[in-house]
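Under the working numbering, residues 1 to 414 are what the sequence shown spells out, in order.
Idealized CB from N, CA, C, for every residue including glycine.
Notes for the one structure printed next.
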Amino acid sequence: MHCQTLVLGAGIVGVSTALHLQARGRQVILIDRDEPGSGTSHGNAGLIERSSVIPYAFPRQLGALLRYGLNRQPDVRYSLLHLPKAAPWLWRYWRQSAPGRLAGAAADMLPLVQRCVEEHDALIAAAGLEGLVQAKGWIEVFRDPALFAQAKADAKGLSRYGLQFEILECGQLQAREQQLDATVVGGIHWLDPKTVKNPGALTRGYASLFLQRGGQFLHGDARSLRQVDGQWQVDSRRGPITADEVVACLGPQSADLFSGLGYEIPLAIKRGYHMHYSTRDGAQLEHSICDTQGGYVLAPMARGVRLTTGIEFAASSAPGNQIQLGRCEALARKLFPALGERLDDTPWLGRRPCLPDMRPVIGPAPRHPGLWFNFGHAHHGLTLGPVSGRLVAELVTGERPFTDPAPYSATRFD
């Protein structure tokens, strides 16, 4: 079987890329070993995060570093066995988080973040998925007055980005989310983002749109990618598939492909967990709530209230555990006392593909004509899937890209 373009990976990034290529006239086959939307795209907090104009940086303050060094914080945990392997990457991440470099990363990411909602909106409307999405924003809550005061100042400092937000003092916050504990001192309601009550279903809905428009989805193994007689070939359950060009959108599995082709791209994995809960006595959580200090999000989902954790540095293949989830759950039960029983048998474990300079890789593979990369979206794969899909599709088809792709080039690590 032959096609013009193979897209490897059927998460939100791969499915969005396939749709954008298809819209530009390409005959596309989408390949994944699992069903669309069943990997990292399934397990996130469901935020289309227009307000995240500053990337997640490594802490620089000595006090914070000492606290994290004790490995008892709820928002970040590390495996002692994995730490020696992770240390060089963490060093690079720490250096890139210096104020000047962080400002550069924010400037480079802004064109993608600014378009994230409108790109999703177009696909949501085309796929008829409006019932999965709400335009209610999310609320950042604070339990410490000093941290709340700093957050208010920081929010006002983002005025140049044109973000819409409301500062909620204690009484205002309680009026907006009546089930929160009275000890919460205040919050910031970020109004630009949208929330998704079933992220996996959103990705599957986009995949259905791709199929309705004539695309094909096949189960296959991206690791089998090879060049045969000047074309690209990958194995599928229906036999070998050949193509003129390939876009690799493999998220946390990207290194399985690019390392075999000789590329040394410093991709690391930040693991994270989620669990669904019932609520007591019919209580409702009206908005997605982020406890920044605790490093977790509570989000109203189709299945119940989803708690998603922060970061765990551990080997990607290491078994999951309940240490971080347990710490976050204890805090969440104090913040939202109506949190009920666990609804899942075991915590879901996801893997976020991250690069130390806080930018994804979007663009051509430098030494392999016809191969393109679109991976490394860190905490914002759901947010940036459609917009990065647009950018790589514009590059593949020779359109003028909507923004300069240079900051996302794989050559920056040479």
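Does the distance between the C-beta of P366 and the nearest non-hydrogen atom of the ligand ATP fall short of 7 Å? The ligand ATP is not among the ligands present in this structure, which contains no ligands whatsoever.
Spatial neighbours of H368 within its chain, please: CB distance less than 7 Å, with the 5 preceding and 5 following residues excluded, ordered by chain position. Here residue 368 corresponds to residue number 368 of the sequence shown, with the count starting at 1. Result list for H368: L261, in chain order.
Counting only runs of 4+ residues fully inside the segment 304 to 370, write out the alpha helix (DSSP H) ranges in chain order. DSSP assignment within the segment 304 to 370 yields the following whole alpha helix (DSSP H) runs of 4 residues or more, N-terminal first: 323 to 335.
How would you label V13, buried or exposed, when you count the other beta carbons within 10 angstroms and need 16 or more for buried? By one-based count along the sequence shown, residue 13 stands at place 13. Buried.
Please classify D281: does DSSP put it in a helix, a strand, or coil? What you label residue 281 is simply residue 281 of the sequence shown in a count that begins at 1. Here D281 sits in helix by DSSP.
How many angstroms separate the CA atom of A87 from the CA atom of E312? The residue labelled residue 87 in the question sits at position 87 within the sequence shown. The residue labelled residue 312 in the question sits at position 312 within the sequence shown. If you draw a straight line from the Cα of A87 to the Cα of E312, it is about 14 Å long.
With V28 and C249 assumed to form a contact (beta carbons below 8 Å), what rounded beta-carbon distance in angstroms separates them? Here residue 28 refers to the residue found at position 28 of the sequence shown. Here residue 249 refers to the residue found at position 249 of the sequence shown. That pair is no contact at about 12 Å.
Which residues in the same chain have their Cβ closer than 8 Å to the Cβ of L102, if we skip the five residues on either side of it in sequence? As a working note, residue 102 is residue 102 in the sequence shown. So the qualifying residues of the chain are I54, P55, A57, Q96, M358.
Classify H2: buried if its beta carbon has 16 or more other beta carbons within 10 angstroms, exposed otherwise. Looking up residue 2 in the sequence shown gives position 2. An exposed status is given to H2, since fewer than 16 other beta-carbon atoms sit within 10 Å of its beta-carbon.
Provide the residue(s) that pair with E49 in DSSP beta bridges, ordered along the chain. Here residue 49 refers to the residue found at position 49 of the sequence shown. In the DSSP output, where bridge partners are listed per residue, E49 has none listed.
C-alpha distance - W89 paired with L65, whole-angstrom precision: For this step, residue 89 is matched to residue 89 along the sequence shown. For this step, residue 65 is matched to residue 65 along the sequence shown. Going by C-alpha positions, W89 is about 16 Å away from L65.
Between the Cα of Y277 and those of P337, H219, A255, E264, spot the shortest distance and give me the residue it belongs to. Taking the first residue of the sequence shown as 1, we reach residue 277 at position 277. The alpha carbon of Y277 has as its nearest neighbour, out of P337, H219, A255, E264, the alpha carbon of P337.
Going by beta-carbon coordinates alone, are L355 and G381 separated by less than 8 Å? Within the sequence shown, the letter at position 355 stands for residue 355. Within the sequence shown, the letter at position 381 stands for residue 381. Going by beta carbons, L355 and G381 fall outside the 8 Å limit.
In chain order, which continuous runs of the alpha helix (DSSP H) of length 4 or greater are located wholly inside the segment 74 to 113? Runs of the alpha helix (DSSP H) inside the segment 74 to 113: 83 to 96.
Measure the Cβ-Cβ separation of G200 and T40 and say whether it is below 8 Å. Taking the first residue of the sequence shown as 1, we reach residue 200 at position 200. Taking the first residue of the sequence shown as 1, we reach residue 40 at position 40. For G200 and T40, no; Cβs fall outside 8 Å.
Where do the ends of the alpha helix (DSSP H) carrying Q231 lie? Position 231 of the sequence shown, counted from the start, is the residue given in the question as residue 231. Here Q231 belongs to no alpha helix (DSSP H); instead the beta strand (DSSP E) covers 231 to 236.
Just to confirm my understanding: we take Y93, look at its own chain, exclude 5 residues before and 5 after, and list those with CB closer than 7 Å. What are they? Within the sequence shown, the letter at position 93 stands for residue 93. Only residues of its own chain outside the window of five on either side were considered, and among them F58, P356 have a CB closer than 7 Å to the CB of Y93, listed in chain order.
Near G304, what residues of its chain come up, given a Cβ to Cβ distance below 7 Å and the 5 sequence neighbours on each side ignored? The residue you call residue 304 lines up with position 304 of the sequence shown. The residues are H276, Y277, S278, L343.
Based on the DSSP secondary-structure assignment, which residues constitute the bridge partners of S288? Residue mapping note: residue 288 aligns to position 288 of the sequence shown, counting from 1. Answer is W138.
List the endpoints of the continuous alpha helix (DSSP H) containing I12. Looking up residue 12 in the sequence shown gives position 12. Boundaries of the alpha helix (DSSP H) around I12: 12 to 23.
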